[in-house]
Structure formats: C-alpha cells, structure tokens
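Report on one structure; see the data block that follows.
Residue numbers (the numbering used here), protein chains in the order written: chain A, 2 to 285; chain B, 186 to 1239.
Given below as structure tokens:
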C-alpha cells in the first residue's frame, strides 16, 4: 500500500482515524475536563512513553465527541521545539514578495485563530523568549500579542495550549521557569506497567503476544538501570520498534540489540549488561 | 732390650731436656709403633720428632700422638712429609701446625697422601698473621675430615675457596660459616652440594654479610623444593643473581617460598621455565615465580606456557626490563587482560561492575551485589564463602567461579547465580505468611499445631514459627530449601528463557558432583534423591526396590513446584508433606540395608498434586537386627553452590529488624542464630550484630540521598575496604582518625607506567574526606590584612562580567542593524533575489558557566619557611609555603564569589599508593559559608605528593559537574614524589610521566588544566610534564596570593 503525497495547511490537519492509545490511569478524563474548562496542560514524562500519542488520541477523541460537524472538531498543531526556535517562528513573520511584504501566520497564531490544540513538544528546548510569549495565552486572558503587527488575538474557543516536558534528562540549565510552569495543569506520564506495555507492544508492533510480553519484561529490567549510568530508561517506542523487527523475522536477540542496547547507550559496560539481560530473556 | 726401648732411650734425654712432659708422650708413641717399621725408619721418625720438638714441643707431642694413626693409613714415608708440612706451617703459626697434625690422620682416611700438600696449602692461606686468622685455619683443619665425609675433593676445594674469600671480609663470619658447614652439607643430597657451594660463592661475591644467613636458612628454604630439583633451583638462583649482581638470599627466600606453594609435580617445569626467562631477564624470572601461584590458580599448566611466552616476547621485542618485570608482577593492564583471556576462571572483582548492573536490571534499583566472603565476614549467620546466597537486600555470589573451562561459560554461571538469588526475592521466597494457603495446597499448620499441642511463638518470623512445628529443624530446612529452589529455578527458567540452557548445563554439572547415595544414611539419601530430581536429573535417582513407589510419589510431588504459578506457601506444604515421609525413615547407613537400589520407573505424571496425607508405606526397611544403634544423626545435605545457602527465617528476621530494631528481642535473635546449625559453636556477638544492622540501616538511608551524586559501582566495596586501611599506621597517628575514617570515601585510579607503556589497574586508592574545621580567625585576619588587594581583585573580576555578553548576528529582529548584512541584503533585493531580512544583531546574555577546581599540594615540603631578603616588606617570620597557599585560597575565593563561577577547593597529600589523602575544603556545588572558612584554617602540610591520583580524582569530580568550561588549577611546591612512585627514591621520571598522563586524560575530557608551582627548579621537569599544558612558575613565592587571581582571570576569560 503506497501512500501518495499530500499537502495540507497546518490548521487543516485532523486526525480522522483512531490512534492506538491505551489509557493507563485517569489521564483521558483529566484532559477532557481541562479542555472543557480551557485549562492549559503540561504533559510530563520521559521520552517515548506516549505523550505525543496521547495528544493525538485526545485530538481525535474530542473531535469525535463534538458530533458530526467536522468543522467544529479539534485540529492539532504540533511544534517540535528546538534551540533556535524564536518567537517569530511561532507567531509569524513578514515575507518579501516582489517589492511588497506579506504576513504569514506562525503555527501558534493559526492555532489561536482556528481553535486548535497547539502542542509544543519539548518546550524547554526552545529559547527562553518563546516561553514568555505563551504566558498571556496560558492564563485567563487567552490572548496572543502580535508585536510586529501591533495586534492582539483573542483565542477561539477550541484553542488549548499543551506543552510537553521531560523532567528527566534536562540539565540544570534547561528547566522550566516557574512562571511558565504554574500556568499549566500537569499530567504525569510514565512507562506503562508490564501488562499494559505488553498490550501496547503487541498492538503497535503487531507481534506475537509472547514476544510482546518478553519485550515488556526486558523494558522493565532495563529501566532498573536508570540512574546506574543510563540517562533514560528504554522507551515504549523502542520496545515497539524491536517488536516490529521481530515480527518481520529478525531474531529477537538481534532485534533487541539494535533497537534497544545500541540505541540506548554507547557506554560499553551498560551496553554489555543490557545485552546480557537480552540474552537472559530471549532464547537463541 | 727391645728396639723400641733403644729408640726411646736414644731421644728421651733430649726430649726431656726440651720439655719434661714430652718423654711419656714419646714413650707411648714408641710403644705403639708397628713392628713392621724398619730400624732406619724408626730412627728417622725419632729424629723428626726431635726436630719438631726443637721448634715447638706441642708440635712434637701432636706428631707423636698422630703417628700410630697415620701409620695405620699410609706408609711410613708420609710421616716425613707430614713433618715437613708441619714445619712449613709452623712458620705461619705453630698452633695451626698442631691442628694440622692432629687432623691429618682423619684427613688421610678420606684422601690419599698426595692430597696432603694441597690441603696444607689451603689451610695455610687462611693464616694471615692475626690470631683470628690462625683460629680460622685451625678450624679448617679440624673440620676438614667431617666435611670430607659429605664433600668430594673438588667440592671441598671450592668450599675452602669460598670460606677464604669470605674471610677476607670477616674472619668471624668465615669461622661461623665453616663451623656450620659440616652440618649443612650433611643435610644436603650429594647432587645439591656443589650448587649450594656455587650459590654460596655468589652470596659472598654480592652480599658477603648474608653468608651466615645463607648457611643457616638455605637448607631449610631449599627443602620446600622437590628433592630432585633442588640443584637446578640453586643454579637458577645463582643465574638470576649473577645476571643482575643482585643479592641472592632475598631471591632464594622469595622464590623458594613461591615454589613451595606449588604442587611438587610442577616444580621441575617451573624451574625450567624460570631459567629460560632468566636468560633474558633475571628480575622477571623472580617476578614470574612470585606470581606463578596466583596465575596457576587461574590458568592451566599449558596456558602457563602461553603466559610465559608473551612475557618472553616482550623481552625479545626490546621492552624495558622493568616493563617485563611489571608484566610478570601482573601489574600491567596488558598482563591482566592476557591472564583473563588465558584463564577460564572468572573473578567477581573483575566483572563486579557489569555483574552489579546485571543484578540491578534483574532485581531492581535497590538490589545490591557483593562477593560471598563479605557476608561470611559479617558473621551474622552465614558461613559459606563460596556459595551464592541472599540476605534479603543483597545478593552474594562466590568470589570466583571456575566451573567450566572458559570464561564465557563461567560468566554465565554468575548470571545463573544472580538470576536464582534475585528470583528468591522477586518470586517471593521470603514473603511467606504464617498459615498462608498456597495456590494448590491448603495450609496444614493449624493441624500440625494441634498435633504438637503447643503454641508457637508469635513473635518469631513466620518462617521461624513454621520451622518450630517440626521435630527436626535440619530436615525441614533442607526439604524446604530443595522444594523452594525447585520452584525458583522453574520461575527463573520461564522468566529468563535465555538462561535455560545454561541452567540445564550447570544443573548437570552440579548433579555430577553429588555424593554417592550409598555413602549416606537412608534419610539423607532420600533428601539427596530429591535434590537430584530438583536439579533436573530424575534419572540419577536410586531407591530400594521396596520403597520405590513412595520415592516416585515424592519426586512427583516436587515436580508440582515447576508450575509457574505455584507459590511459596505451596513449597511449604510440599516440604511439610515430604518431611512426614522422610522423618519416618531411619537414618541407617544405606550400605547396611543391603537392598536392591533401582531407578524410578519411567513416565510418572509430573506435577501431580499429592494427597495431603502421605501414604506411609509398609516399614519395608524394618529389621529387628538393625537396631537403633545403627542410626546415625542426620547430616545436613550440601546444596549446590549456585543455589547456595538459603535461610528464609534469618532473612525474615533481619528484614523486620531493618524495619524496626525492637521488633525482635536479643534473646530471640540469639536463639535464631543458634538454630542456624552451620554456625554451631561459633560465638556471634549479638550486640555487635544489632549495631551492625543499625549502622547498615543508617548508611542505606544515606546512600539513597547520595545516590544521585555518586553512581560509582563499587561504593560498598570501598566501605568494606576502608576497614583494612584503618589499620594503616599512616592514618592511625591522626588524632581525628576514628571519626574521619568513617567519612572517607575511597576511589580507585589507574596509574600510568611509562616504562611498561600501560596502566597499572586500580593502583591508587584515593580517600576523599572533608577537611577538618579550624577557627574563623585566619580567614578574617587575611581579609583584614589584604583588604586593599582584595578590593582590587574584586573590581577586576567584576569587570569580567561584560565579557560574558555575546553578540548574536544575522537575526530577523534585534537591537542594532549590522551594516554589512544590510548592504548585502539591499543588493540582493535590487538584483531580484529575495533573501530573508536577517541583518539585525543583538547582544545576548550567555550564562557564564565555568567550574574550577583548585587542587592544593599539602605535601610535607610546604612546611618550608620562606626567607627572601630582596623583598621590600619583610615577610613575617616563620611564614611557610602552606600559609601562602592558604592565603591565596582566601583571595581567590573572594574573587570567585564576585564572579559567580562554581569552584571547588581540594587539598591532597598521602603516603603510598594505597593511601592518597584527598581533602575537600569546598565542593563545587557547595555554598560558601563559615564551615568553608574554618576549613581553610586546617590546610596543613602532611606527607607526600602522589599527584597523578589526586589529579584524576579532582578531574573525575569536575567531569561529573555540569558546566561548559571546566578548569583544574594545580598549586604545588615541587615535583610529584611519593613512596613507590617510581623505581626508587631517585627515579622521578615515573611520577612525572604519570602526572602528565593524568593531565592529558583530563584534557581529553575537555578539562583545561593549569599548573602553578613555586618551585624554582620547576622548569626542569615542568617542560617534560606539561608539554602542551599551560603552567607558570611563581618564582617569588610570596607573591603567590596576589598572582593567583590574576592567573585565573586570564585563564577563565579566554
């Protein structure tokens, strides 16, 4: 099945098929309530534990709940933050066209205008000035100041600001300012338990249940090594990758070596240990 | 008148005239003359006697006395020769001549007359005019005969030469050795004597003062070598000593001691190998022998050749002699690596990091892993040193494993051990609740209690309460161990499928090492059968024909535990069920019974749930003739080491003790330990144990708090090891010792041996501790005294702040327009290209992110006072280098506080590689407060300067600190120097190279090192040591305090 090229405006992107998401606790109810009350949300959790998938799922779910009117649904605009992300990248900029200039809305402006969920992934990676920009949007004002145009935009009803943040690997330098933090309700994510993770892996990777269970077991064991030299535990995403490789016929040990041991660390000793654990769990 | 009378009469008068005592002697000699002597010969003899008497009457007396004995051995002509020789000797000393005559008959009984001349010549050479030399010569003649009993002519001659040579150094020593010689050679075999003399010659040639010790202890040392090799061994020592002109005695004692440790069948080979090595490198041969025991414990005899060959190759390749010796001392990483690859044996220490991580992965973050000897040393109820076990928090594994020939397999054994022990924890072996029902079986404890008609102690741990229900504690403990281990093994095999094949392989190995069934009592054999079945070898079970059905039932019941969902309570019930069968069996020796022993029938149903009431078979063994007298006490079955000892009752008790010290009374604990049959008769100090648990508890809390900072794998080891170091006298004379020792954290660093071109692994032990606190006065005084200077420094440092603003260019938005970019943009636009309007610039505040560690030399030499006439303002009397270092510290702290960089201040000193003292005055992340001020006061000169290790430790701390720029400033007063930091006291190269290597390591990690020395000779070695590393020599020591902040400012604002 080949997917053809498709181009959309950011605000037109909607999730129409249900993404796979296995609720772990009450996060779905919490998010729904927050959305209803227009409370900005901060998703905390280690990498690859399902934050992005959750927000996709919620976008789809809220969309579905709003009935048959497609237009009233909740589009999702995702911005992956990086070190050079400036305020104007988010808000918008003038572009030159011939001798004229033309204004282009940035993603956040689009979200504000159409009432989308604006998801700023890994917000601490962005430059400090961008975080200040979102302050008026993230409290009762729900306003976006556009300095260059001398305008203020009041957010449409469906707009919600969602940030993700990984408290684990940031250095002391990259922490969220309290003035930012305290504008959000925070939903904490962690790696799922063995049973849930088994279900997730087997659904996502489409692999045998026994393999999924072993991968989940491996995940649990490897996460014990966190704080013993591993900066981050193995993510569910990597476990799913391993499951996919296995489902495609790669031997389990080899699949785990490439998808997990090698992916996680370059430290020989820890890598060696992870491989020992892999060898202990999977037969040759 | 007889001819004898005539002869007597002829000389009597003249002799009497010379000495009245002579005639009777003469008369006696005349009477003893053999009748065969011709008259002319008699005549000549008499005349000779008179001639001698004229020289010395004692000489004549000796001559007369010896005559009969001489004539019995030689023909009469020799008498005349003796006279002549005696006269010759008389020139040197009459007493010596007398000694010669007295000794000559015995001499001639071993040698013929032709040897006389040479003998006298040898003896004569000892006489060098002094009475001592004469005495030595006398001793020589007197002891010759005895010596000749064990020595050949050649050997005797050589020995004489050795003694003579020794006498040139010390007459006394020569006499002592000669006196001892007879006994020594009598104790040696004929084949060893010549070699012994050769080595003696070598001893005299190199270290003559050792000669006596050599004669005294040599034979005993030699006796540790197998008999037929002693000669070769002596040759080897001679060869080694001769090659380097090194003292042979220490070589002899070291190598003999080393060889003594080895099996005697290997001696010949070892000596041969060593002498092959010695022909290339003598020192290495000694090291080879010294290490050989260690090496052989790890590798096979064949592999030893490979080991030696590698060392020889190093030698041939032209490596430095020291490097080769270091290889054989196993002090180089290369040597250890090779040893590891040749050896199948796996040492826990070597793989500790990896295995600990593995245990953590399997058992969770709290899981600790240690070597079993640690547990036995703690004396809290476990005694086996070579088996795996767990005490509930920590898994213990044997210190080494050598089950299989190759390392990979043995590492797998470690993994199996760890998986089994962590399995006990994760699969709930210790989570038994008294009276709990199993998943398959109902609890029978209430019924048993009723039967017992006694209440069990509620205060005991559940397991202990359970065991109290049974009439034989040993038996129930054994059975429970086997049943529960079966369950755990089954769980582990399901959980870790990858280990299954190794578990089976190890199981077979263990099953092959089980004791012979017939050597056991019947009850023991029953338990043994269960254990075999539990190891997966049902086919090795044997049982008397009459009871085979029951045995089958028992083994099948055990199989129930292989179901994955069976619980510990099921184990308890099965064990109890088996107990009822076992306890009914008599413990007669299985041999006495004389039944036919059969294997179990094939194809029984595995995992059948047994009837809760076992069908007790007919008492088939019962025989009136074999009465109770044949019963032997039940001996605890030995568990395979991988499963190790299992003490659930102790673990439960300890766990509850950990939670609450008062949960178990002292008496109960005492009883618990007494019940643990293995430690019967040993005294366990309960108070000590309670203290131990308490302190462990406390430290585990600390660990939790610190776990973020310190992820070093072997923390616990270090804790354990500091016990040894506490005995080190170099710390012991520190008054703060007791308290300080508890706070020392040990780290281990490699040291660079430039000769071997390799690291010496974990060579230096660096003990980090907080510096003591002194008074505040010093700090405030220094501030007051230098207030002008400090103000200036602060101003300078505050000026550094603007340097931290960086200009960002090519922005779309900013405070200023960059002209160049703006013009470019404009031109582009005119040309019709539409680039982005990025011509703004902005000054952005970039956080200054610098961490600096100051490492102060606290060596003894910093005590030196400074006298400097040239200075305008004379220094206060008695100001020492260390005082200036302290003062500099104060100034630099003031400066750094102004700028806000993270900084640490450390001091270092120490003595020897095992005790590098590293004092923390201020940590990188520590706030500057009064305690830091007070610590500066206690910076005092201590001992030596092992710079490399201290640098490595400071760098390790810097690396773990988050900062963009990391700087190490080393302030010292001279070259690195420590005991053992180089070949000898004059070898500075080693220390310099190691220090350089340490700095290079830091550079590689992105640390900027900088050296400041106040040593005027600094440039000599700094050029070598630093090469591309910046350094400065502060020639005017007194200016150090004002120079230091300046140097830092230059360095940190680059």
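Glycine included, each C-beta is placed from N, C-alpha and C at the ideal position.
{"Item": "Interface flag, residue 94 of chain A vs chain B, CB-CB below 8 angstroms", "Value": "yes"}
{"Item": "Element boundaries [beta strand (DSSP E), containing residue 1104 of chain B]", "Value": "1101 to 1107"}
{"Item": "Cβ-Cβ distance between residue 763 of chain B and residue 739 of chain B below 8 angstroms", "Value": "yes"}
{"Item": "Span of the beta strand (DSSP E), counted from its first residue to its last, around residue 1217 of chain B", "Value": "1215 to 1218"}
{"Item": "Under 8 angstroms between C-beta atoms of residue 518 of chain B and residue 512 of chain B", "Value": "no"}
{"Item": "CA-to-CA distance, residue 723 of chain B to residue 783 of chain B, given in whole angstroms", "Value": "12 angstroms"}
{"Item": "Extent of the continuous beta strand (DSSP E) run through residue 932 of chain B", "Value": "930 to 938"}
{"Item": "Beta-carbon proximity of residue 781 of chain B to residue 701 of chain B, cut-off 8 angstroms", "Value": "no"}
{"Item": "Collapsed DSSP secondary structure at residue 706 of chain B in the structure displayed", "Value": "strand"}
{"Item": "Among B/302, B/243, B/263, nearest to residue 222 of chain B - alpha-carbon criterion", "Value": "B/263"}
{"Item": "Contact test: residue 374 of chain B Cβ vs the ligand NAD heavy atom, cutoff 7 angstroms", "Value": "Questions concerning the ligand NAD fall outside what the structure shown contains, since it holds no ligand whatsoever."}
{"Item": "Local conformation of residue 394 of chain B per DSSP, three classes", "Value": "helix"}
{"Item": "Element boundaries [alpha helix (DSSP H), containing residue 119 of chain A]", "Value": "Careful: residue 119 of chain A lies outside any alpha helix (DSSP H), inside the beta strand (DSSP E) at 118 to 122."}
{"Item": "Residue 333 of chain B, enclosing beta strand (DSSP E) - first and last residue", "Value": "It is not in any beta strand (DSSP E) - residue 333 of chain B instead sits in the alpha helix (DSSP H) that spans 316 to 335."}
{"Item": "Continuous beta strand (DSSP E) stretch holding residue 245 of chain A: start and end", "Value": "First-last for residue 245 of chain A: 237 to 248, but that is the alpha helix (DSSP H), not the beta strand (DSSP E)."}
{"Item": "Where residue 274 of chain A meets chain B, residues with beta-carbon distance less than 7 angstroms", "Value": "539, 542, 543, 546"}
{"Item": "Contacts around residue 311 of chain B, its chain only, beta-carbon distance under 7 angstroms, and the 5 residues preceding and following it disregarded", "Value": "318, 321, 322, 325, 349, 352"}
{"Item": "Residue 96 of chain A, buried or exposed, once every other Cβ within 10 Å from all chains shown has been counted against 16", "Value": "exposed"}
{"Item": "Proximity winner among B/412, B/1047, B/292, relative to residue 259 of chain B (alpha-carbon distances)", "Value": "B/292"}
{"Item": "Min CB distance residue 29 of chain A to chain B below 8 angstroms", "Value": "no"}
{"Item": "Same chain, Cβ closer than 6 angstroms to residue 245 of chain A, five either side skipped, listed in chain order", "Value": "206"}
{"Item": "Per-residue burial, residue 233 of chain B [other beta carbons within 10 Å of its own, 16 or more giving buried]", "Value": "buried"}
{"Item": "Contact with chain B by residue 281 of chain A, beta-carbon distance below 8 angstroms", "Value": "yes"}
{"Item": "Contact with chain B by residue 84 of chain A, beta-carbon distance below 8 angstroms", "Value": "no"}
{"Item": "Residues of its chain near residue 1245 of chain B, where Cβ-Cβ distance is below 8 angstroms and the 5 sequence neighbours each way are ignored", "Value": "Nothing can be reported for residue 1245 of chain B, as the shown portion of chain B is limited to 186 through 1239."}
{"Item": "Contact set between the region 681 to 695 of chain B and chain A, restricted to residues whose Cβ is under 8 angstroms from the partner", "Value": "681, 682, 683, 684, 685, 686"}
{"Item": "Range covered by the alpha helix (DSSP H) that runs through residue 106 of chain A", "Value": "No alpha helix (DSSP H) contains residue 106 of chain A, which is instead part of the beta strand (DSSP E) from 101 to 106."}
{"Item": "Contact under 8 angstroms by Cβ, residue 754 of chain B with residue 628 of chain B", "Value": "yes"}
{"Item": "Candidates A/264, A/204, A/191, of which the one nearest residue 46 of chain A by Cα", "Value": "A/191"}
{"Item": "One or two residues paired with residue 155 of chain A in a DSSP bridge", "Value": "A/144"}
{"Item": "Below-8 angstroms beta-carbon distance, residue 226 of chain A vs any chain B residue", "Value": "yes"}
{"Item": "Residues that residue 604 of chain B contacts on chain A, provided the C-beta gap is smaller than 9 angstroms", "Value": "281"}
{"Item": "Chain-order list of residues whose beta-carbon lies under 6 angstroms from that of residue 1041 of chain B (same chain, five-residue window excluded)", "Value": "1070, 1092, 1156"}
{"Item": "Interface residues of chain B facing residue 114 of chain A [CB-CB closer than 9 angstroms]", "Value": "Ordered by position in chain B, no residue passes the 9 angstroms Cβ test against residue 114 of chain A, which lies about 22 angstroms from the chain."}
{"Item": "Of the residues B/1100, B/693, B/970, B/266, the one placed nearest residue 229 of chain B, counting alpha carbons only", "Value": "B/266"}
{"Item": "Chain A contact for residue 1108 of chain B (CB, 8 angstroms cutoff)", "Value": "no"}
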